[in-house]
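Peer 1:
Residue numbers (our numbering): 36 to 103.
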């Protein structure tokens, strides 16, 4: 099992960001990964009711990454 880290930048209002983050987490789990931790690394207001949020997602995965 390999440990991985994914950094995701999301933009939108609270509901949009939550939906997008849940989609990313679901995709990791559907591919056999196990989410270990989700950390908000950066958040900034953007526009009238929007935000830019940077998340760091740590997870375990069975599938190995191909070497390039």
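Glycine included, every Cβ here is placed at the ideal spot set by N, Cα and C. As the structure is a prediction and not an experimental result, all values here were calculated from the model.
If you count every other CB in all the chains shown that lies within 10 Å of the CB of residue 42, and 16 or more means buried, which is it?
Peer 2: Sequence index remark: in the chain shown, residue 42 carries index 7 (1-based). Classification for residue 42: exposed.
Peer 1: Taking 8 Å as the threshold (C-beta atoms), are residue 60 and residue 77 in contact?
Peer 2: The sequence position of residue 77 within the chain shown is 42, counting from 1. The sequence position of residue 60 within the chain shown is 25, counting from 1. Contact: no.
Peer 1: Going by other Cβ atoms of all chains shown within 10 Å of its Cβ, with 16 needed for buried, is residue 68 buried or exposed?
Peer 2: Looking up residue 68 in the chain shown gives position 33. Under this definition residue 68 is a buried residue.
Peer 1: Which residue's Cα is closest to the Cα of residue 92: 46, 50 and 57?
Peer 2: Taking the first residue of the chain shown as 1, we reach residue 92 at position 57. Taking only the C-alpha atoms, the option nearest residue 92 is 57.
Peer 1: Compare the C-alpha of residue 79 against each of 62, 36 and 48 and name the closest.
Peer 2: The count along the chain shown starts at 1 and reaches residue 79 at position 44. Of the listed residues, the one whose Cα sits closest to residue 79 is 48.
Peer 1: Out of 66, 50, 40 and 37, point me to the one whose CA is closest to residue 84's CA.
Peer 2: Within the chain shown, numbered from 1, the residue matching residue 84 stands at position 49. For residue 84, the nearest C-alpha among the options comes from 50.
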